[in-house]
Amino acid sequence: MPRETRQGEPAMAAVNIGTRRELFVDRFLIDSMRNVRLALAHPERREVVFQGDAAWEDGAFFPYSLIQQDQCIRLYYRAAIPDRKHENITIMALAESRDGGKSFIRPRLGLCELGGSTDNNILWQGGTPGIPPAFIDTNPACPSEARYKGLDIEITSQYSRLFAMCSADGLRWRRMQERPLDMPGAFDSINTAFWDEPAGCYRCYTRYYNPGVRSNGKDARSVQMSTSDDFIHWSPPAPLEYEDGDASMQLYTNSIQPCPGAEHIYVGFPNRYVEQRNKAAGAPPETRGVGYWGINDALFMASRDGLRWTRHREAWVRPGLDGRNWTHRNNYPAWHIIQTSPEEWSVLISEHYMQKDGAPGRLRRLSVRPWGFAGVRAGFDGGEMLTRPLVFAGKSLHLNYSTSAAGSIQVEMQGEGGQPIPGLGLDDMEPLFGDELDGVVRWRGGGDLGHLAGRPVRLRFAMKDANLFALRFGDAGKE
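If you read the sequence shown in this note's numbering, its first letter stands for residue 570, the second for the next number, and so on.
And the structure:
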């Protein structure tokens, strides 16, 4: 499958990937495909890990963010206290997991009094300032008293404001300044932010109403991005751009973050809001929501620069067989991927929001293959994929792949012009089969590619009933 450049067609520039892990979440590394396609890899629904059934948690239970530190995972979430006047008092609370996110408990924090006792996990109740969706600031210049950060909201019928918040311990929070941030938007969402180490700045992703797109007679909910050097002064927000060109899709939350272990790639798990649909009308009473229109599912998208996105419009997570998840404001991924084990990541997703029969809201764990959100997929009849020219460092090629029992993957190293490199062709290796997150490719003559490091090469993949999720170059003997 030599690659010939047609007359007048510019040659593809080589991409220097060094030893970094590259994911097939978009077509960035791909030159051509034959009988294969770029496809989503759907997560698997696993156990319910937390249920909002405490006295201070009504059906408005809603996840904000997750923070993983060593063996402890913190879950920040919102709920409400039903009072005697039938008015709910909003609270923010904390739950913890020490089993990789498979179950969460309420720690006794002793911070807020409720019913004459502080024996609860409440961080804050009523009024402002509140508690934001939290993240750990990895900026090397960040002082310890501001190690935890986030963007908190203040919403009234007249305005929507955003405030920069910080904390030394993730429990006691303060505003970094009393003034709201100078940023336009409609912030009734989970507004995300993080320190972007490769870019050397903070990024935030917030919600706004797009006046150029209408949904049900109103401006559509959309996502915008800003950058900052100090978390206080932000650039004017830029609307996200999508490869699919579909501006009509409403995104309620974004759940955007750098991909763990491949931080030069941004990944997002936005909640898609289909406002014009209402499944509850014909459903049994116990599975109906409180009457709001709209149903939701979750998407997956990825970006190389944080602004232009490859968005897979096929749902990453569907509502499923549970009728309660076909009511409004369900299926929201909590912000931040967590590592459950070396072989498993997890994303938590909300279920059973504000059910009419008072059933509590809850969180379910989704099992995710590490770096396996999407990939190149080949059916049983087989196909091929050719990369653009790559420049790498290291001595070995590592693949994140999966095949069936009858499936296979073979790899050919080519020169920049498309000619097979002697000893590294398809016929020079036994078909690779199995399921590995970091499998080393070897040809009959060995797997040492050090003599090709620093030179532009292409990779030709011949695949059958297989998925290729990611690749990297490294040194198999020293890792």
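Using N, Cα and C, we set each Cβ at its ideal position, and we do this for glycine too.
Restricting to Cα atoms, I'd like to know which of Trp862, Leu1018, Gly754 is closest to Tyr842. Taking the sequence shown and counting its residues from 1, one reaches residue 842 at position 273. Among Trp862, Leu1018, Gly754, the Cα nearest to that of Tyr842 is on Trp862.
Could you check how far apart the C-beta atoms of Ala664 and Ile674 are, in whole angstroms? I think they sit under 8 Å. Counting from one through the sequence shown, the residue named residue 664 turns up at place 95. Counting from one through the sequence shown, the residue named residue 674 turns up at place 105. Going by Cβ atoms, the distance from Ala664 to Ile674 rounds to 6 Å, so yes, they are a contact pair.
If I'm right that Met734 touches Pro806 with Cβ under 8 Å, what's the distance once you round it to whole angstroms? Position 165 of the sequence shown, counted from the first residue, corresponds to residue 734. Position 237 of the sequence shown, counted from the first residue, corresponds to residue 806. Wrong, their Cβ atoms sit about 19 Å apart, outside the cutoff.
When Thr822, Arg931, Pro911, Glu723 are compared against Leu1006, the one with the closest alpha-carbon: Position 437 of the sequence shown holds residue 1006. Comparing Cα-Cα distances from Leu1006 to each of Thr822, Arg931, Pro911, Glu723, the minimum goes to Pro911.
Under DSSP, the beta strand (DSSP E) around His897 begins and ends at which residues? Position 328 of the sequence shown holds residue 897. That residue, His897, is in no beta strand (DSSP E); it is neither H nor E in DSSP.
The region 1006-1021 contacting the region 988-997, beta-carbon criterion three pairs below 8 Å: yes
If you measure from the beta carbon of Leu917 to each beta carbon in chain D, is any gap under 7 Å? The structure shown contains no chain D; it holds only a single protein chain.
Alpha carbon to alpha carbon, how far is Phe1002 from Arg957? Residue numbering aside, residue 1002 sits at position 433 when the sequence shown is read from its first letter. Residue numbering aside, residue 957 sits at position 388 when the sequence shown is read from its first letter. Distance between the alpha carbons of Phe1002 and Arg957 is about 24 Å.
How many whole angstroms separate the CB atoms of Tyr717 and Gly739, which I take to be in contact at a CB cut-off of 8 Å? Locating residue 717 in the sequence shown gives position 148, counting from the first residue. Locating residue 739 in the sequence shown gives position 170, counting from the first residue. Right, the Cβ-Cβ distance comes to about 4 Å (below 8 Å), so this counts as a contact.
What's the gap between the Cα of Gly781 and the Cα of Phe756? Residue numbering aside, residue 781 sits at position 212 when the sequence shown is read from its first letter. Residue numbering aside, residue 756 sits at position 187 when the sequence shown is read from its first letter. Roughly 18 Å between the two C-alpha positions.
Helix, strand or coil at Asp1007 according to DSSP, with G and I counted as helix: In the sequence shown, the residue the question calls residue 1007 occupies position 438. Reduced to three states, the DSSP call for Asp1007 is strand.
Inspect the CB distances between the region 935-949 and the region 914-927 and report whether three or more fall short of 8 Å. yes
In the DSSP assignment, the beta strand (DSSP E) including Phe869 goes from what residue to what residue? Here residue 869 refers to the residue found at position 300 when the sequence shown is read from its first residue. Phe869 -> beta strand (DSSP E) spans 864-872.
What residue from Tyr901, Leu598, Leu955, Gly948 has the CA that sits closest to Gly930's CA? Position 361 of the sequence shown, counted from the start, is the residue given in the question as residue 930. Closest by alpha carbon: Tyr901.
Chain-order list of residues whose beta-carbon lies under 6 Å from that of Tyr970 (same chain, five-residue window excluded): Residue numbering aside, residue 970 sits at position 401 when the sequence shown is read from its first letter. These residues qualify, in order along the chain: Ile978, Leu1037.
Nonlocal neighbours in the same chain, by C-beta distance under 7 Å from His833, ignoring five residues either side: Reading the sequence shown from its first residue, position 264 is the one you call residue 833. For His833, where only same-chain residues beyond five positions count, the Cβ hits under 7 Å are Arg589, Pro767.
Which whole-angstrom value describes the C-beta separation of Ser609 and Glu981, a residue pair presumed to lie in contact below a C-beta threshold of 8 Å? Counted from its first residue, the sequence shown places residue 609 at position 40. Counted from its first residue, the sequence shown places residue 981 at position 412. With the sequence shown as reference, residue 609 is identified as Leu, and Ser is not the correct amino acid for it. Actually they are not in contact, since the Cβ atoms of Leu609 and Glu981 sit about 27 Å apart, beyond 8 Å.
Cutoff 8 Å; reference Gln826; Cβ partners in own chain excluding five residues on either side: In the sequence shown, counting from the first residue as 1, residue 826 sits at position 257. So the list reads Thr761, Phe763, Tyr835, Val836, Gly837, Trp904, His905, Ile906, once near-sequence residues are dropped.
Looking only at its own chain, which residues have a Cβ that is under 6 Å from the Cβ of Arg730, when we skip the five neighbours before and after it? For the purposes of this step, residue 730 is identified with residue 161 of the sequence shown, where counting begins at 1. Taken in chain order, the residues that qualify are Glu723, Pro749.
So, for Asp595: in the same chain, excluding its five sequence neighbours on each side, which residues have a beta-carbon less than 7 Å away from its beta-carbon? Residue 595 sits at position 26 when you count from the first residue of the sequence shown. For Asp595, where only same-chain residues beyond five positions count, the Cβ hits under 7 Å are Ala871, Thr879.
Can the beta-carbon of Asp1034 be found less than 7 Å from the beta-carbon of Gly952? As a working mapping, residue 1034 is identified with position 465 in the sequence shown. As a working mapping, residue 952 is identified with position 383 in the sequence shown. In this structure, Gly952 does not lie closer than 7 Å to Asp1034 by Cβ.
So, helix, strand or coil for Met1032, using DSSP? Position 463 of the sequence shown, counted from the start, is the residue given in the question as residue 1032. In the structure shown, Met1032 sits in a strand (DSSP, three-state: E or B).
Pull up the distance between the alpha-carbon of Asp600 and that of Glu747, whole angstroms please. The count along the sequence shown starts at 1 and reaches residue 600 at position 31. The count along the sequence shown starts at 1 and reaches residue 747 at position 178. Computed Cα separation, rounded: 51 Å.
At the level of alpha carbons, what is the spacing between Gly889 and Leu820? On the sequence shown, position 320 is the one that residue 889 refers to. On the sequence shown, position 251 is the one that residue 820 refers to. Roughly 19 Å separates the two Cα atoms.
For His655, the three-state DSSP class (helix, strand or coil): Stepping through the sequence shown from its first residue, residue 655 is reached at position 86. Confidence at His655 is low in this model, with a pLDDT of 47, below 50, so its placement is unreliable and the value that follows should be read with caution. It is coil, neither helix nor strand.
Helix, strand or coil for Leu750? Go by DSSP, reduced to three states. Position 181 of the sequence shown, counted from the first residue, corresponds to residue 750. Coil at Leu750, not helix or strand.
Is the beta carbon of Arg933 closer than 7 Å to that of Val617? Here the question's residue 617 lines up with position 48 in the sequence shown. Here the question's residue 933 lines up with position 364 in the sequence shown. Result yes, Cβ atoms of Val617 and Arg933 sit closer than 7 Å.
Note down the Cα distance separating Glu810 from Ser804, rounded to an integer number of angstroms. In the sequence shown, the residue the question calls residue 810 occupies position 241. In the sequence shown, the residue the question calls residue 804 occupies position 235. Their backbone Cα atoms lie some 17 Å apart in a straight line.
Using the three-state DSSP reduction, which class does Gly1019 fall into: helix, strand or coil? Your numbering for residue 1019 matches position 450 in the sequence shown. Here Gly1019 sits in helix by DSSP.
Going residue by residue through the region 941-992, where are the continuous alpha helix (DSSP H) segments of at least 4 residues, counting only ones entirely within it? none
Ends of the beta strand (DSSP E) at His881? To locate residue 881, count along the sequence shown from 1; it is residue 312. Looking at the DSSP string, the run of the beta strand (DSSP E) that includes His881 is 877-886.
Consult DSSP for Ala1045 and reduce its assignment to one of helix, strand or coil. Here residue 1045 corresponds to residue number 476 of the sequence shown, with the count starting at 1. In this structure, Ala1045 counts as helix in the three-state DSSP scheme.
Suppose the cutoff is 7 Å on Cβ atoms and the five residues either side in sequence are ignored; what does the same chain contact list for Cys641 look like? Translated into the one-based positions of the sequence shown, residue 641 becomes position 72. Counting only Cβ-Cβ distances below 7 Å, and skipping sequence neighbours, we find Glu665, Arg667.
Spatial neighbours of Pro676 within its chain, please: C-beta separation below 7 Å, excluding the five flanking residues on both sides. Sequence index remark: in the sequence shown, residue 676 carries index 107 (1-based). Closer than 7 Å at the Cβ level, and outside the excluded window around Pro676, lie Leu663, Glu665, Asn690.
Pro1025 versus Pro808: straight-line alpha-carbon distance, rounded: Along the sequence shown, read from residue 1 onward, the residue named residue 1025 stands at position 456. Along the sequence shown, read from residue 1 onward, the residue named residue 808 stands at position 239. When rounded, the distance between both Cα atoms is 35 Å.
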